[in-house]
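**Q** So the sequence shown is residues 487 to 614, counted in the working numbering.
Cβ coordinates follow ideal geometry from the N, Cα and C atoms, glycine included.
Below is a structure I'd like to ask you about.
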Amino acid sequence: MADDMQALNLLSRDPAICDLAASEQDVRLLWSVAQIPDFRKTMASEHSGLVGEIFTFCDTRPASFHPLMDEQIGRCDRVEGDLDTLSTRLAHIRTWTYVANRNDWLDDPSTGRNVAERLKTACRMPCT
């Protein structure tokens, strides 16, 4: 089953999500958010949890979403660590960059792209 269908299937079992997805517009938003790719390659339940968190913020507190995005991007904006750590951060920043660009949820989506570029460069540097 595709990531988006898995996320939607799991979220449809969550009473809090079902309560929020009461209108056609809410269901469209949920479907849009469920299409966020799992760049992190986590378990379906973990990815659907992230999707549910994003949907909840977008549906109930859209003004609070920008600080959440900034916080998540800030967590990734470090180039120290081994290759595995950097690769994990890169997967996380790809998710948040996708969200920012897909739905225009950030005033400046280039922030996520800039962090991703720094992490890619750090992954290519020789280990010392």
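If you reduce the DSSP assignment to three classes, tell me which class Met491 lands in.
**A** On the sequence shown, position 5 is the one that residue 491 refers to. Met491 falls in the helix class under three-state DSSP.
**Q** Within the chosen definition, does the region 502 to 515 reach the region 565 to 572 through at least 3 CB pairs nearer than 8 Å?
**A** Cβ pair count under 8 Å is below three, so no.
**Q** Thinking C-beta only, is Ala520 closer than 7 Å to Asp490?
**A** Here the question's residue 490 lines up with position 4 in the sequence shown. Here the question's residue 520 lines up with position 34 in the sequence shown. For Asp490 and Ala520, yes; Cβs fall inside 7 Å.
**Q** Determine the direct distance from the alpha carbon of Thr574 to that of Ala507, and round the result to whole angstroms.
**A** As a position in the sequence shown, residue 507 is number 21, starting the count at 1. As a position in the sequence shown, residue 574 is number 88, starting the count at 1. If you take the alpha carbons of Ala507 and Thr574, they lie about 31 Å apart.
**Q** Measure the beta-carbon distance from Ile522 to Val585 and round it to whole angstroms, keeping in mind my assumption that it falls under 8 Å.
**A** Position 36 of the sequence shown, counted from the start, is the residue given in the question as residue 522. Position 99 of the sequence shown, counted from the start, is the residue given in the question as residue 585. Indeed they touch by this definition, with Cβ atoms about 6 Å apart.
**Q** When we look at the beta-carbon of Asp505 and count the other beta-carbons within 10 Å, is it buried (16 or more) or exposed?
**A** For the purposes of this step, residue 505 is identified with residue 19 of the sequence shown, where counting begins at 1. That one is exposed.
**Q** Output the distance between the C-alpha atoms of Lys606 and Gln558, rounded to the nearest integer angstrom.
**A** Mapped onto the sequence shown, residue 606 falls at position 120. Mapped onto the sequence shown, residue 558 falls at position 72. Their backbone Cα atoms lie some 18 Å apart in a straight line.
**Q** Mapping DSSP to helix, strand and coil, what is Ile522?
**A** One-based indexing of the sequence shown puts residue 522 at position 36. Coil at Ile522, not helix or strand.
**Q** Taking 7 Å as the cut-off, decide whether the C-beta atoms of Ser534 and Ala493 are in contact.
**A** The residue labelled residue 534 in the question sits at position 48 within the sequence shown. The residue labelled residue 493 in the question sits at position 7 within the sequence shown. The answer is yes: Cβ separation under 7 Å.
**Q** From Ala577 to Arg564, what distance separates their C-alpha atoms?
**A** Numbered from 1 along the sequence shown, position 91 holds the residue referred to as residue 577. Numbered from 1 along the sequence shown, position 78 holds the residue referred to as residue 564. Each residue's alpha carbon lies about 13 Å from the other.
**Q** List in chain order: all unbroken alpha helix (DSSP H) runs of 4+ residues lying wholly within the region 546 to 571.
**A** Here the runs fully enclosed are 548 to 562.
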